[in-house]
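*Asks:* Quick one: the structure is below, and I'll ask about it shortly.
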Amino acid sequence: QQQVKQSPQSLIVQKGGISIINCAYENTAFDYFPWYQQFPGKGPALLIAIRPDVSEKKEGRFTISFNKSAKQFSLHIMDSQPGDSATYFCAANSNFGNEKLTFGTGTRLTIIP
Amino acid sequence: EPEVTQTPSHQVTQMGQEVILRCVPISNHLYFYWYRQILGQKVEFLVSFYNNEISEKSEIFDDQFSVERPDGSNFTLKIRSTKLEDSAMYFCASQKGGWEAFFGQGTRLTVV
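Line by line, the protein sequences give chains R and A. Just so we're aligned: 2 in my numbering is position 2 of the first sequence, and the numbers increase by one with no gaps anywhere. Throughout, my numbering is defined as the position within the second sequence, counted from one, plus 113.
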């Protein structure tokens, strides 16, 4: 019940295209859903996050769509650029974010010219 | 911009040896975490620390592991007798309270 399932495992998108990564969760106590971006040899860095009281959050080229009834959320990267090539992890936690993060399995995104 | 600092960046140790991984969290943060990531896999929670005590630990965090915040700034993870399967990237994270957790750059632990 604590798992966060993420797909796809890897994704190749052409420059300028839209990258979409999906996550699903079971634990209805989760109330904070961040996405982390990780470059090789680096720690995860927060990219964007959403709480379940809204269905969408947009920051620049990055958008989270959240479907509370389906217990799913997704990351959309518009106008994908080679610099976006990284591993992306969805995550979730509860207690207004004051608890451990449960991470998805990660998506390795490659943007090709 | 404040950041979480971890040392060393890479540690090689012999099986059975003790290692201490060090972290300096962001100064006004209250919640501290250790996570680990085996190569190519997801980030896994080890332990959380709040108000000078462990608030939660995973099944990975057995008696071989311990954490300390000895001086109000450093946050350490000790592995008493390392095993080959402890080889991983270990990340420290800190949080002010609510929402964003900031991660360090990690310590790559290699047990040989």
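For glycine and all other residues, C-beta sits at the position ideal for the given N, C-alpha and C.
1. If you measure beta-carbon to beta-carbon, which residues of the region 146–160 of chain A are closer than 7 Å to chain R?
2. Write down the C-beta distance between R:Ala86 and R:Gln38 rounded to the nearest angstrom, noting that I regard them as a contact closer than 8 Å.
3. Quick one: does R:Pro44 have its CB under 8 Å from some CB of chain A?
4. What would DSSP say about A:Leu152, mapped onto helix, strand or coil?
5. If you count every other CB in all the chains shown that lies within 10 Å of the CB of A:Asp199, and 16 or more means buried, which is it?
6. Curious, which full-length beta strand (DSSP E) runs of at least 3 residues does the region 20–46 of chain R contain?
7. Between R:Ile77 and A:Gln130, what straight-line distance do the alpha-carbon atoms span, to the nearest angstrom?
8. Between which residues of its own chain and R:Pro82 is the CB-CB distance below 6 Å, once the five residues before and five after are set aside?
9. Does chain A have any CB closer than 8 Å to the CB of R:Lys100?
10. Is the beta carbon of A:Thr223 less than 8 Å from the beta carbon of A:Val132?
11. For A:Gln127 versus A:Ala201, is the C-beta distance shorter than 8 Å?
12. Within 8 Å of any Cβ in chain R, is that where the Cβ of A:Glu169 sits?
13. Verify the CB distance criterion: does A:Glu213 have a CB-CB separation below 8 Å to chain R?
*Replies:* If we stick to the structure as given:
1. Tyr146, Lys155, Val156 and Phe158
2. 6 Å
3. yes
4. coil
5. buried
6. 33–38
7. 45 Å
8. Ile111
9. yes
10. no
11. no
12. yes
13. yes
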